[in-house]
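Participant:
Number of protein chains: 2
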Amino acid sequence: MNTAEIISIGDELLIGQTINTNASWLGQEFAKIGIKVKHVTTISDDAAEIKSAIDTAFDRNDIIVMTGGLGPTKDDITKHVLTAYFNSELIVDEAVLKAVTDFFEKRNRPMLEVNTLQASVPAVCTVLPNKNGTAPGMWFDHKGKVLISMAGVPYEMKAIFTDYALPKIKELYAVNSLVQRTVLTQGIGESFLANQMADWEDRLRADGLELAYLPSPGMVKLRLTSFKGETDIPLIEDYIAELLHRIPKNVFGFENDTLPDVIGHLFKQNKLSLGTVESCTGGAIAAAITSVSGASEYYPGSLLTYTEELKCNLAGVSSETIKEFGVVSSEVVTQMAEGGKKQLGVDWCIAVSGIAGPTGGTETCPVGTIWIAIAGTDRTVTKCFQFGDNRERNIQMSVLSALNYLRCELLGLVE
Amino acid sequence: MNTAEIISIGDELLIGQTINTNASWLGQEFAKIGIKVKHVTTISDDAAEIKSAIDTAFDRNDIIVMTGGLGPTKDDITKHVLTAYFNSELIVDEAVLKAVTDFFEKRNRPMLEVNTLQASVPAVCTVLPNKNGTAPGMWFDHKGKVLISMAGVPYEMKAIFTDYALPKIKELYAVNSLVQRTVLTQGIGESFLANQMADWEDRLRADGLELAYLPSPGMVKLRLTSFKGETDIPLIEDYIAELLHRIPKNVFGFENDTLPDVIGHLFKQNKLSLGTVESCTGGAIAAAITSVSGASEYYPGSLLTYTEELKCNLAGVSSETIKEFGVVSSEVVTQMAEGGKKQLGVDWCIAVSGIAGPTGGTETCPVGTIWIAIAGTDRTVTKCFQFGDNRERNIQMSVLSALNYLRCELLGLVE
Chain C
623 MNTAEIISIG DELLIGQTIN TNASWLGQEF AKIGIKVKHV TTISDDAAEI KSAIDTAFDR
683 NDIIVMTGGL GPTKDDITKH VLTAYFNSEL IVDEAVLKAV TDFFEKRNRP MLEVNTLQAS
743 VPAVCTVLPN KNGTAPGMWF DHKGKVLISM AGVPYEMKAI FTDYALPKIK ELYAVNSLVQ
803 RTVLTQGIGE SFLANQMADW EDRLRADGLE LAYLPSPGMV KLRLTSFKGE TDIPLIEDYI
863 AELLHRIPKN VFGFENDTLP DVIGHLFKQN KLSLGTVESC TGGAIAAAIT SVSGASEYYP
923 GSLLTYTEEL KCNLAGVSSE TIKEFGVVSS EVVTQMAEGG KKQLGVDWCI AVSGIAGPTG
983 GTETCPVGTI WIAIAGTDRT VTKCFQFGDN RERNIQMSVL SALNYLRCEL LGLVE
Chain P
623 MNTAEIISIG DELLIGQTIN TNASWLGQEF AKIGIKVKHV TTISDDAAEI KSAIDTAFDR
683 NDIIVMTGGL GPTKDDITKH VLTAYFNSEL IVDEAVLKAV TDFFEKRNRP MLEVNTLQAS
743 VPAVCTVLPN KNGTAPGMWF DHKGKVLISM AGVPYEMKAI FTDYALPKIK ELYAVNSLVQ
803 RTVLTQGIGE SFLANQMADW EDRLRADGLE LAYLPSPGMV KLRLTSFKGE TDIPLIEDYI
863 AELLHRIPKN VFGFENDTLP DVIGHLFKQN KLSLGTVESC TGGAIAAAIT SVSGASEYYP
923 GSLLTYTEEL KCNLAGVSSE TIKEFGVVSS EVVTQMAEGG KKQLGVDWCI AVSGIAGPTG
983 GTETCPVGTI WIAIAGTDRT VTKCFQFGDN RERNIQMSVL SALNYLRCEL LGLVE
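The listed protein sequences derive, respectively, from chains C and P.
Here the numbering used here is used: the first sequence runs in plain steps of one and ends on residue 1037.
Here the numbering used here is used: the second sequence runs in plain steps of one and ends on residue 1037.
1. In this structure, how does DSSP classify C/Q957 when only helix, strand and coil are distinguished?
2. For a contact meaning CB atoms closer than 7 Å, what does P/Y921 contact in chain C?
3. Looking at C-alpha atoms only, which residue of P/T625, P/Y920, P/A816 is the closest neighbour of P/G656?
4. Which of helix, strand or coil does DSSP assign to P/I862?
5. In the DSSP assignment, what are the bridge partners of P/F1007?
6. How would you call P/I1017, buried or exposed, if buried means at least 16 neighbouring beta carbons within 10 angstroms?
7. C/I676 and P/V659: beta carbons closer than 8 Å?
8. Does the count of Cβ pairs from the segment 982-996 of chain P and the segment 1006-1021 of chain P closer than 8 Å reach three?
9. Consider the Cβ of P/W647: report whether some Cβ of chain C lies at a distance smaller than 8 Å.
10. Check the C-beta distance from P/G897 over to P/G938 and give it rounded, since I have them as a contact under 8 Å.
11. Quick check on P/E1037: does DSSP put it in helix, strand or coil?
12. Quick check on C/Q650 - is its C-beta less than 8 Å from some C-beta in chain P?
13. Taking only runs that begin and end inside the segment 765-847 of chain C, name each unbroken beta strand (DSSP E) of 3 or more residues, in chain order.
14. Do you know how far the Cα of C/I713 is from the Cα of P/F783?
15. Which residues share a DSSP beta bridge with P/V914?
16. In three-state terms, what does DSSP make of C/D681?
17. Under 8 Å between the Cβ atoms of C/A959 and C/A978?
18. Return no unless some Cβ of chain P is closer than 8 Å to the Cβ of C/S666.
19. Check distances from the C-beta atoms of the segment 884-910 of chain P to those of chain C and list, in chain order, the residues that come in under 7 Å.
20. With H, G and I counted as helix, E and B as strand and the rest as coil, what does DSSP make of P/L932?
21. Which value, in whole angstroms, describes the spacing of the CA atoms of P/D854 and P/V797?
22. What does C/F814 touch in chain P if you count any residue whose Cβ is under 9 Å from its own?
23. Across which residues does DSSP place C/K658 in a beta bridge pair?
24. At the 8 Å Cβ level, is C/S742 part of the contact set with chain P, yes or no?
25. Report yes or no: is there a C-beta of chain P within less than 8 Å of the C-beta of C/A653?
26. So which residues of chain C does P/L836 contact, with C-beta pairs closer than 7 Å?
27. By DSSP, does P/E900 sit in helix, in strand, or in coil?
28. What three-state label does DSSP hand P/A745 in the structure shown?
29. Look at the alpha carbon of C/H702 and the alpha carbon of P/T664, and state the distance between them as a whole number of angstroms.
30. Cα separation between P/N878 and C/E716?
31. Identify every residue that forms a DSSP beta bridge with C/C971.
32. Three-state secondary structure (DSSP) at P/L926?
33. Give the DSSP-derived three-state secondary structure of C/M1019 in the structure shown.
34. If we define contact as Cβ-Cβ less than 8 Å, is C/R1015 a contact residue for chain P?
35. From what residue to what residue does the beta strand (DSSP E) around C/V873 run?
36. Report the option in P/L831, P/G875, P/E942 whose CA atom is closest to the CA atom of P/I858.
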């Protein structure tokens, strides 16, 4: 399998002023054609560092992609380093000069001396045109390997790579047919999942598939990979079907699905409407649901009732119930969800009440205790969740748990 | 100057499924104490790769920070590689075992065999406790240099680094006397700001200070840096005072302030209460306000009225007003804000109505048009904002604009 290395150049990356999104985008692009990015190396705009990084990269990988250090300002030295590295000289490329001149004319901006310099490229390189900027991409063949240098501005880099570099890479290398599927799970921890599916994982690996656990708060993504290509698709589908059969409450989607997307799809499909009555989540469930364009078709609105007073006045919770059971209780979230259904005029309603923290916990109801209710067409179900101490994370976990609990109840998966 | 290298471990980073935000966060933290991150190296969960990366890093830098590869599943091998690298052996650390046990008990989750393994650490390391997870951080002293290994989950890593690694680093290394202040602005673009403050920036640079513009959607952070140390603090304060004087509507805070923090502080200080009536922002303003712990003291709740029906029924908007002026209008947001004040029983109320997009725009009211109203004790003010085509960004910009508009009106800065 051919391998690649990404060399990202720029002090702004090292001091954390800019997040290296270029490297992850390139990693995805290479993965799609079955070329493995084995190293990402970030260094400063320093000639010795750049030279040394190129040496190392040529030693261990087939394709080097460099981004950054090609701007018109003084601290961008990549082009000069490359010219020296490949024992070449800078020449003016007439096509690039015309492109740069056109670029400024089109924008009615004066062209400066420094901009003209961008039309100089090492004589040995093949120019990869940059339609979104002035610094051209450069392709170098070197002892059977390849080095590609591109501007660091993401939308310039992406266009150069997609339009000019990628087709040449596909011509040169036997790009294989790596096949990947990602299964999204909610409500089950990484280790718990690994334990419960241990036999499945063993068989999957014995069949030559790879499995990766990609956890994030409240979610674990399972990535199944085959390097054999499309012939393995039925095998992968079988393993996914088994997963769905064994943990249906947890598997909520695939690939780039999000829970709000999945919920939106279900409500649109079934021509149902949804409302929410939130407390400790503070509007975060509403914000998640409405992150989907077109949410207004099934989601007319919501109530945020932080105080007991608003729980009673807006959502119709009885103050006696609060007195008897406490505001974080199955009884109160039931009344919130059922009251919300009426008040918002919806078919289904989620209600949440809990202690997001970091303060407000008690002995019997510690920080991280969250009650969730789902009022549906026929019944209302409730469930208590226990998360941790971190406010932001508790809110995030509550949002995902509430949406997945709604999904399960809607699909008849809740007892 | 001491230098550092970050080694990020994980296939998910190489194939671009996860963006390496840990490296940029660590880069920022090191920059703050004057230690330069010279290299960021990303590699896969592979023993030979990890060993080789450590060798290279020890050759060229003083401090190595490794993140990732410490989870309980089979593909996480970092701990074993480190144990071998430092010729040590794994021993059970009783304090870690207790912490892991407590972690599961507190969450009412059963502890598995694989979780117990997380309490094993190389005998030669100093444990850096992980209060947010089960994999402890590890500190290794090696020939006058240091290697720190931490979990890759950002909020676990950040807590370990801040609470345990950073204090030890500060003890060991002559961290220099770099002084930085960050000023937070809202509602003014980077180039506009640079243009308006050009004379200020020139003087500031002539005085030997550095200035960086750090833009993010709806906000620009200005970072002022002196490498001379504390003697420059009065100078920096003078420049900040001038900024505050010249663009008071835009400067909303400093350092790690957020607009919800600033708003919360103002409302608590003035013993006032706040409500919100949202439409196109879909609960995102409420979620922002309640991201602050203790928001319930001044924020009893909110209404999300996506549909016209709920705008009328819940917030008391007149359907005639909607017919006459349209639902995205100064008149409607005024009624939403004033109706919200009554319905929620609050002193101040924000209301927002607009077209978040990507669909729903018209010729007279294109996508990105957002009306915001602030109803206060004495009057209601409204303002129309025009953002772009991107739904997520429009929502984000609306949240920041609404909160800053509220801040300005509360402080008497709106004409």
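Even for Gly, the Cβ is constructed at its ideal location relative to N, Cα and C.
Facilitator: Taking the geometry as given:
1. helix
2. Y928
3. P/T625
4. helix
5. P/I992
6. It is buried - the Cβ of P/I1017 has at least 16 other Cβ atoms within 10 Å.
7. No. Outside cutoff.
8. yes
9. yes
10. P/G897 to P/G938, Cβ: 13 Å. No contact.
11. coil
12. yes
13. Restricted to the segment 765-847 of chain C, the beta strand (DSSP E) segments that are unbroken, complete and at least 3 residues in length are 767-772, 801-808, 832-838, listed in chain order.
14. Inter-residue distance for P/F783 and C/I713 is about 49 Å (C-alpha atoms, whole angstroms).
15. Looking at the DSSP assignment, P/V914 forms no beta bridge with any residue, so it has no partner.
16. helix
17. no
18. Chain P contact via Cβ: present.
19. So the close ones are G904, G905, A906, A908, A909.
20. helix
21. 17 Å
22. R731, P732, L734
23. C/T625
24. For C/S742, no Cβ of chain P is located within less than 8 Å of the residue's own Cβ.
25. yes
26. Q639
27. strand
28. coil
29. Roughly 26 Å between the two C-alpha positions.
30. 49 Å
31. Per DSSP, the beta bridge partners of C/C971 are C/G897, C/A997.
32. strand
33. helix
34. yes
35. 873-876
36. The residue with the shortest Cα to Cα distance from P/I858 is P/L831.
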